[in-house]
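Asker:
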Amino acid sequence: MGLPVIVFGSKVDNMIRSRPSAISFALLVSLAIVPASLATPIIGAVSATTNMGELQPDGNLVHAINQSGLLSAYTSGVTDFDAYMAGDPGHFSFPGNDWLTITPTGVVDFNLGSVLPIGRMAVWNFGGNTAFDFTQIHLFGSLDAAFLTPVDLGTFNLVVPTINPVGAQILSFSSTSVQYIRMQVVANNGADRSALGEVAFAAASVPEPSSLSLAFAAAFTLCLSSLVRKDVRA
Ligand SMILES: [Ca+2]
């Protein structure tokens, strides 16, 4: 029976040719060793606070973190950030879909729910080429809600979209383990108050094999070791 040569040396290769069940098992194990976690899951904030106010009746801050207005939904912690953004998900600014502030500048803190390595932030600015859009923000990260030891993530200029729905602008910074992200609004596009469509974050995680895959990998190693020992004795 002719079996394909894969990556083994000649002795092991000949041995495996004589053991079709062994190579079938090895191939099955190889397929089972897959990452259990996504490389960059998208993270939505679980809550947010601000000193910029919430213009009523429709301008609650939660509208910037609850996926309202997003034309395609994601599952926080599950959906892959890059795969999601590759689809160019738009946000439609409309009453009930945006955070409307009372003051033009100030601070908003996003709580991610747990400490995560965050290296990117997606911002959907207010749609329609308005004077309410944020134009410059400064980001800080923190392990604690009081930002007692903030990590400076940098200043970013935001694009004022001319259309509605709008695409996300991706802001990149050094991956930092934080639970809270502070957005300091430095400037808006000229109005005496501001508006924001939506934000989300990307958590960089190291892919880890699942426990089941680890068990398969251990069995795979033992199998090969046993086969090699038998081959050496032969
Ligand atoms: Ca929204």
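Counting in the working numbering, the sequence shown runs from 416 upward without gaps.
Using N, Cα and C, we set each Cβ at its ideal position, and we do this for glycine too.
1. Let me know the secondary structure DSSP gives Y499 once reduced to three states.
2. Are the segment 600-612 and the segment 524-533 touching by the rule of at least three beta carbon pairs closer than 8 Å?
3. Answer with buried or exposed for N572, where buried requires no fewer than 16 other C-beta atoms within 10 angstroms of its C-beta.
4. Specify the secondary structure class of V493 as computed by DSSP and reduced to three states.
5. Nearest-angstrom Cα distance between N579 and G528?
6. Roughly how many angstroms separate the alpha carbons of L485 and F507, rounded to a whole number?
7. Less than 7 Å separating the Cβ of S483 from some heavy atom of ligand 1?
8. Specify, as a first and last residue, the run of the beta strand (DSSP E) that T465 falls within.
9. Which residue comes first and which comes last in the beta strand (DSSP E) that contains N579?
10. Count the C-beta pairs between the segment 533-553 and the segment 582-597 that are closer than 8 Å, then say yes if the count reaches three, no if not.
11. Using only CA atoms, which one of V614, V493, I596 lies nearest to T564?
12. Could you check whether the Cβ of G474 sits closer than 7 Å to any heavy atom belonging to ligand 1?
13. In whole angstroms, give me the CA-to-CA distance for A619 and Q594.
14. Considering T550, what are the terminal residues of the beta strand (DSSP E) in which it resides?
15. Using alpha carbons as the reference points, say which of G511, L568, L476, T545 lies closest to V614.
16. DSSP on L611, reduced to helix/strand/coil?
17. Does the structure place the segment 485-504 close enough to the segment 453-465 that three or more beta carbon pairs sit under 8 Å?
18. Within the continuous beta strand (DSSP E) that includes Q482, where are the two ends?
Answerer: The short version:
1. Residue numbering aside, residue 499 sits at position 84 when the sequence shown is read from its first letter. Three-state result, Y499: helix.
2. As far as the Cβ criterion goes, the segment 600-612 does not touch the segment 524-533, which means the pair count is below three.
3. For this step, residue 572 is matched to residue 157 along the sequence shown. Label assigned to N572: exposed.
4. Looking up residue 493 in the sequence shown gives position 78. Three-state DSSP puts V493 in coil, outside helix and strand.
5. The residue labelled residue 579 in the question sits at position 164 within the sequence shown. The residue labelled residue 528 in the question sits at position 113 within the sequence shown. Straight across, the Cα-Cα distance linking N579 with G528 is about 30 Å.
6. For the purposes of this step, residue 485 is taken as residue 70 along the sequence shown, with counting starting at 1. For the purposes of this step, residue 507 is taken as residue 92 along the sequence shown, with counting starting at 1. Across the structure, L485 and F507 are spaced so that their CA atoms are roughly 6 Å apart.
7. Numbered from 1 along the sequence shown, position 68 holds the residue referred to as residue 483. A heavy atom of ligand 1 is found nearer than 7 Å to the CB of S483.
8. On the sequence shown, position 50 is the one that residue 465 refers to. Taken as a continuous stretch (DSSP letters only), the beta strand (DSSP E) holding T465 covers 462-465.
9. As a first step, residue 579 is located in the sequence shown; it is residue number 164 there, counting from the start. From DSSP, N579 is part of no beta strand (DSSP E); its letter is neither H nor E.
10. Yes: the two stretches touch, three or more of their Cβ pairs being nearer than 8 Å.
11. Here residue 564 refers to the residue found at position 149 when the sequence shown is read from its first residue. In terms of Cα proximity to T564, the closest of V614, V493, I596 is I596.
12. Residue numbering aside, residue 474 sits at position 59 when the sequence shown is read from its first letter. G474: no, Cβ never under 7 Å from ligand 1.
13. Locating residue 619 in the sequence shown gives position 204, where the first residue counts as 1. Locating residue 594 in the sequence shown gives position 179, where the first residue counts as 1. If you draw a straight line from the Cα of A619 to the Cα of Q594, it comes to about 13 Å.
14. Taking the sequence shown and counting its residues from 1, the one referred to as residue 550 is at position 135. Going by DSSP, T550 is part of the beta strand (DSSP E) stretching over 549-557.
15. Within the sequence shown, numbered from 1, the residue matching residue 614 stands at position 199. Closest option to V614, Cα to Cα, is L476.
16. On the sequence shown, residue 611 is found 196 positions in, with the first residue counted as 1. Strand.
17. The way I'd put it, the segment 453-465 does touch the segment 485-504; three or more beta-carbon pairs between them come closer than 8 Å.
18. As a first step, residue 482 is located in the sequence shown; it is residue number 67 there, counting from the start. Per DSSP, Q482 belongs to no beta strand (DSSP E) and is neither H nor E.
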